[in-house]
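The structure appears right after this line, and notes come after that.
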Ligand code: GLN
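Written out as structure tokens, the structure is:
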């Protein structure tokens with residue numbers, strides 16, 4: 007029978023529930039269990055795909071093309087679980103499904119209500135992940151306990167626990183123990199209140215994970231145990247680990263969390279196999295050389311707008327045993343002050359995905375700087391569009407080249423709307439999304455990186471390289487090194503006369519893991535190290 011772990015949050019949001027759920031998943035895998043992870047988001051959007059990066063941070067794309075919360079990225083980076091559209095449900099998607107059934111007359115004349123119809127739908131979403139080969143499902147409830155929006159989710163997980171038996175369920179509550187500098191004290195009261203709120207909703211947490219700046223004394227643990235009704239050994243201290251996120255599982259192991267979970271859920275262990283993870287951390291923490299990558303984007307100010315890219319760059323560093331520092335550059339600043347001032351001294355340049363007109367000229371200028379100065383360049387999605395526009399303008403002499411996303415009437419539309427997108431009116435979930443196959447040309451950088459002919463990568467875009475320009479591009483030295491299997495769409499372009507200039511239509515960052523870095527990121531970092539060696 008599949009066991010279930012529910013992770014809730016208290017006191018404040020942004021405590022790292024996703025990272026903790028992912029770390030717990032990774033630890034249970036290390037003991038030999040198959041796990042699945044899922045996130046419930048209490049907002050009303052059906053998915054985060056229509057939200058801007060400033061609003062929501064990165065949109066993570068799954069193999070099956072769901073636009074999801076970035077916590078799913080943590081799940082895939084920390085564990086072997088492959089997420090899909092069932093792994094991220096929102097209030098919006100739950101209601102959408104219930105309302106669709108109501109319109110189909112499926113409730114047979116009943117009044118449709120939050121309880122039982124919405125809560126049943128939430129429980130169905132949990133059950134869907136409990137397949138025969140899954141030992142443990144870990145479900146994270148977004149937001150914090152006590153939010154109006156999260157009430158149906160909290161009620162659903164309470165009912166779920168009752169239905170499958172308390173011995174098969176674990177409730178883990180992540181909370182904050184604030185430190186008051188003026189009083190030089192850490193305070194347990196906010197946690198007492200948030201656990202109180204959970205208990206009012208009928209849930210007794212089994213384990214508390216306490217985010218804290220200072221170590222928790224025995225006395226504090228006893229106080230928490232007594233007032234929150236949680237065993238003292240299940241009060242887990244978690245101090246900040248920045249900058250090494252991948253250390254979180256080890257903090258939890260140090261506190262014995264993995265053993266406590268196994269015991270409480272009556273699960274066996276075939277030994278903890280953490281060697282690969284420990285090796286990875288060792289390389290990450292002991293890297294002697296630091297290289298600097300310029301990331302030119304327009305959501306730089308948002309901490310997690312490029313989450314998977316920052317992580318994938320770190321992974322590329324791990325495979326080359328260097329530390330990667332990212333210089334976050336606002337493309338608007340390049341527009342105002344030129345590329346040289348902001349990019350000078352960086353070992354490599356990366357332009358990430360993005361939407362709309364703002365900032366595009368700064369990115370195109372950054373591409374020119376990379377191409378002319380032979381600095382390794384890696385373009386992702388919009389970063390490939392910018393590379394194409396720059397090449398068309400400055401190498402092919404097509405001065406007015408542009409993407410029709412930026413200028414619908416450009417005389418030289420090197421990037422234009424995908425054919426299949428032309429009649430689409432609804433915005434949610436309608437891009438070219440998810441994993442698609444791509445065929446690589448022999449003897450190209452791309453083919454050498456992957457070491458195979460057919461690859462599969464995840465997509466999220468509406469615009470695409472215009473095939474009308476393939477010939478002139480190839481004559482002038484740009485190679486189309488990857489195409490869709492039917493040869494219709496250009497997926498990768500790279501420059502011949504340059505040490506490392508690769509731009510891809512897809513998002514390789516979503517598939518990179520610390521223990522299995524993506525080959526394009528590894529090779530980009532390698533080329534960037536070489537660039538530094540040549541220069542200094
Ligand atoms: N805005 C571009 C498009 O829709 C690029 C998308 C992206 O970078 N993810 O095609």
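Residue numbers (this note's numbering): 7 to 542.
Cβ coordinates follow ideal geometry from the N, Cα and C atoms, glycine included.
In this text the structure is predicted, and so the values were computed from the model without any measurement.
- In terms of Cα proximity to residue 532, the closest of 299, 341, 487 is 299.
- In this structure, the C-beta of residue 359 approaches ligand 1 to less than 7 Å from one of its heavy atoms.
- At a cut-off of 7 Å, the beta-carbon of residue 411 counts as near ligand 1: some heavy atom of the ligand is closer than that.
- Using a cutoff of 7 Å, the CB of residue 388 counts as near ligand 1, since one of the ligand's heavy atoms is closer than that.
- For residue 20, there is no enclosing beta strand (DSSP E), as DSSP gives it neither H nor E.
- If you draw a 10 Å sphere on the C-beta of residue 59, you find 16 or more other C-beta atoms in it, and that means buried.
- The DSSP assignment places 460 to 467, 469 to 471, 484 to 489 as complete runs of the beta strand (DSSP E) inside the segment 450 to 500, in order along the chain (cut-off: 3 residues).
- Shown here for residue 407: same chain residues with a beta carbon closer than 6 Å to its own, the five before and five after excluded, namely 395, 398, 399, 418, 420 in chain order.
- The beta carbons of residue 372 and residue 349 sit closer together than 8 Å.
- In chain order, 15, 180, 182, 217 place their CB closer than 7 Å to the CB of residue 21, counting only its own chain and leaving out the 5 sequence neighbours on each side.
- Residue 364 has its Cβ no nearer than 7 Å to any heavy atom of ligand 1.
- Beta-bridge pairing by DSSP links residue 436 to no other residue.
- With a cut-off of 8 Å on Cβ pairs, the segment 274 to 286 is in contact with the segment 29 to 40, counting three or more such pairs.
- In terms of Cα proximity to residue 144, the closest of 189, 96, 87 is 87.
- Selection 132, 330, 252 evaluated against residue 84 yields 252 as nearest (Cα-Cα).
- Counting the other Cβ atoms within 10 Å of the Cβ of residue 42 gives 16 or more, which makes it buried.
- Annotation: residue 45 to residue 237 spans about 27 Å, alpha carbon to alpha carbon.
- In the DSSP assignment, residue 80 falls within the alpha helix (DSSP H) that extends over 77 to 84.
- The residue from 503, 504, 489 with its alpha-carbon nearest to that of residue 497 is 489.
- In this structure, the CA atom of residue 81 is about 43 Å from the CA atom of residue 478.
- In this structure, the C-beta of residue 467 approaches ligand 1 to less than 7 Å from one of its heavy atoms.
- Boundaries of the alpha helix (DSSP H) harbouring residue 200: 195 to 206, taken from the DSSP string.
- Note on the segment 237 to 270: whole alpha helix (DSSP H) runs with a minimum of 4 residues are 254 to 260, 263 to 270, in chain order.
- Per DSSP, the unbroken alpha helix (DSSP H) holding residue 230 starts and ends at 224 to 234.
- Assignment of residue 155 by DSSP, reduced to helix, strand and coil, places it in the coil class.
- Counting only unbroken stretches of 4 or more residues, the alpha helix (DSSP H) elements lying wholly within the segment 376 to 406 are 388 to 400, in sequence order.
- The C-beta of residue 323 has 16 or more other C-beta atoms within 10 Å across all chains shown, which makes the residue buried.
- Proximity of the beta carbon of residue 391 to ligand 1 is indicated: a heavy atom of the ligand is located closer than 7 Å.
- With fewer than 16 other CB atoms across the displayed protein chains lying within 10 angstroms of its CB, residue 474 is exposed.
- In the three-state DSSP reduction, residue 419 falls in the strand class (E or B).
- Distances from the CA of residue 123 to each of 133, 104, 494, 445 were compared; the closest alpha carbon is that of 104.
- The bridge partners DSSP lists for residue 299 are 332, 354.
- In this structure, DSSP gives residue 188 a state outside helix and strand, which the three-state scheme calls coil.
- The Cβ-Cβ distance between residue 212 and residue 240 falls below 8 Å.
- Distance from the CA of residue 128 to the CA of residue 270, rounded to the nearest whole angstrom, comes to 25 Å.
- For the pair residue 210 and residue 235, the CB atoms are nearer than the 8 Å cut-off.
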